[in-house]
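Undergrad: To start, I am sharing the structure in question, which I have written as structure tokens.
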Amino acid sequence: EAEVAQSPRYKITEKSQAVAFWCDPISGHATLYWYRQILGQGPELLVQFQDESVVDDSQLPKDRFSAERLKGVDSTLKIQPAELGDSAMYLCASSLLVAGAWLADNEQFFGPGTRLTVL
Amino acid sequence: AQSVAQPEDQVNVAEGNPLTVKCTYSVSGNPYLFWYVQYPNRGLQFLLKYITGDNLVKGSYGFEAEFNKSQTSFHLKKPSALVSDSALYFCAVRGNTGFQKLVFGTGTRLLVSP
Chain A
46 EAEVAQSPRY KITEKSQAVA FWCDPISGHA TLYWYRQILG QGPELLVQFQ DESVVDDSQL
106 PKDRFSAERL KGVDSTLKIQ PAELGDSAMY LCASSLLVAG AWLADNEQFF GPGTRLTVL
Chain B
1363 AQSVAQPEDQ VNVAEGNPLT VKCTYSVSGN PYLFWYVQYP NRGLQFLLKY ITGDNLVKGS
1423 YGFEAEFNKS QTSFHLKKPS ALVSDSALYF CAVRGNTGFQ KLVFGTGTRL LVSP
């Protein structure tokens, strides 16, 4: 069964350092999402891509976070510099593209996540 | 803006008993509703969804959910709980008008005792 791949699974870093997370969505899924899940809370959307284009990054802290999906396949989320409050699980998800994708009822498929700890 | 409320942080049930995990929502337009389950240190797994049609939706692992428009609820149910059902359950909603992102609740921990 196809799965969303993420790496690394765990990352420990010191504040002010740079970190990067990688995601490879399920083959054929044009829509890719990055979520942040703080302990005890539900996932919160950071950025959504349709192919290589950003559809929604309204909740992405753009002063320190960046995301790219250059060829419309895999994606990288970067934090520079990391802060203590960035400690969380970072989840990547993907879904099929259909006409009028933002109206689509397709479920999202999640990767295992990257657990970030900032010391 | 859409929102989801899961009023119970934890639900405890004995194995073999029925279980219910509650969810209420607020959204513009008609809702698309989802339930996901999360096991420790894992991503979320899709359980079921309501888009339109029959208010009772059946999903994976024997779970079902009932959509109630008047009460704006989408409670998750299972007739007979298993110890292996113990996990964190998330309800999520998206409206069907314009571009609306998927919004998750804070999650409910289900603990099924032997």
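First to last, the sequence lines map onto chains A and B. All the letters of the first sequence, read from the start, carry residue numbers 46 to 164 under this note's numbering. All the letters of the second sequence, read from the start, carry residue numbers 1363 to 1476 under this note's numbering. By construction, the Cβ of each residue, glycine as well, lies at the ideal position given by its N, Cα and C atoms. For clarity, every value in this text was computed on a predicted model and none was experimentally measured.
Considering just the uninterrupted stretch of the beta strand (DSSP E) at Gln153 (chain A), what are its terminal residues?
TA: First-last for Gln153 (chain A): undefined, no H or E at that position.
Undergrad: When the cut-off is 7 Å and only beta carbons count, does Leu1418 (chain B) lie next to chain A?
TA: With 7 Å as the cut-off, Leu1418 (chain B) does not count as an interface residue toward chain A.
Undergrad: Please state the DSSP three-state secondary structure of Asp101 (chain A).
TA: Reduced to three states, the DSSP call for Asp101 (chain A) is strand.
Undergrad: Please check the pair Leu1406 (chain B) and Phe1452 (chain B), which I expect to be a contact at CB under 8 Å, by giving their CB distance rounded to whole angstroms.
TA: The pair is a contact, with the Cβ atoms about 6 Å apart (cut-off 8 Å).
Undergrad: From the DSSP output, in three-state form, read off Val92 (chain A) for me.
TA: Here Val92 (chain A) sits in strand by DSSP.
Undergrad: Could you tell me how far apart the beta carbons of Ala1367 (chain B) and Val1399 (chain B) are, in whole angstroms, since I believe they sit closer than 8 Å?
TA: In fact, because the Cβ distance is near 18 Å, the residues do not count as touching under 8 Å.
Undergrad: Check for me: the beta strand (DSSP E) holding His1437 (chain B) runs from which residue to which?
TA: Start and end: Ser1435 to Lys1440.
Undergrad: Would you be able to state if there are at least three C-beta pairs under 8 Å between the region 73 to 82 of chain A and the region 1367 to 1385 of chain B?
TA: The answer is no - the region 73 to 82 of chain A does not touch the region 1367 to 1385 of chain B, with fewer than three Cβ pairs under 8 Å.
Undergrad: With three or more beta-carbon pairs closer than 8 Å as the criterion, would you say the region 133 to 140 of chain A touches the region 48 to 63 of chain A?
TA: Judged by Cβ distances under 8 Å, the region 133 to 140 of chain A makes contact with the region 48 to 63 of chain A, as three or more pairs qualify.
Undergrad: Closer than 8 Å by C-beta to Gly1467 (chain B): which residues in its own chain qualify, once you throw out the five before and the five after it? Chain order, please.
TA: Correct list, in chain order: Val1366, Ala1367, Gln1368, Cys1385, Phe1452, Cys1453 and Ala1454.
Undergrad: Return no unless some Cβ of chain B is closer than 7 Å to the Cβ of Glu97 (chain A).
TA: With 7 Å as the cut-off, Glu97 (chain A) does not count as an interface residue toward chain B.
Undergrad: Comparing the C-beta of Arg1471 (chain B) with each C-beta of chain A, is any distance below 7 Å?
TA: No, Arg1471 (chain B) lies away from the interface with chain A (no Cβ there is under 7 Å from its Cβ).
Undergrad: Under 7 Å Cβ-Cβ, which residues of chain B neighbour Gly158 (chain A)?
TA: Per Cβ cutoff of 7 Å: Gly1405.
Undergrad: Taking only the alpha-carbon atoms, compute the straight-line gap between Glu97 (chain A) and Ser111 (chain A) and give it to the nearest angstrom.
TA: Roughly 14 Å between the two C-alpha positions.
Undergrad: Could one say the Cβ of Phe1436 (chain B) lies closer than 7 Å to chain A's Cβ atoms, at least one of them?
TA: Not an interface residue.
Undergrad: Out of A:Pro88, A:Ser120 and A:Leu90, point me to the one whose CA is closest to Asp69 (chain A)'s CA.
TA: For Asp69 (chain A), the nearest C-alpha among the options comes from A:Ser120.
Undergrad: If Ala1443 (chain B) sits next to Asn1379 (chain B), beta carbons under 8 Å apart, how far is it from one beta carbon to the other, in whole angstroms?
TA: Indeed, because the Cβ distance is near 6 Å, the residues count as touching under 8 Å.
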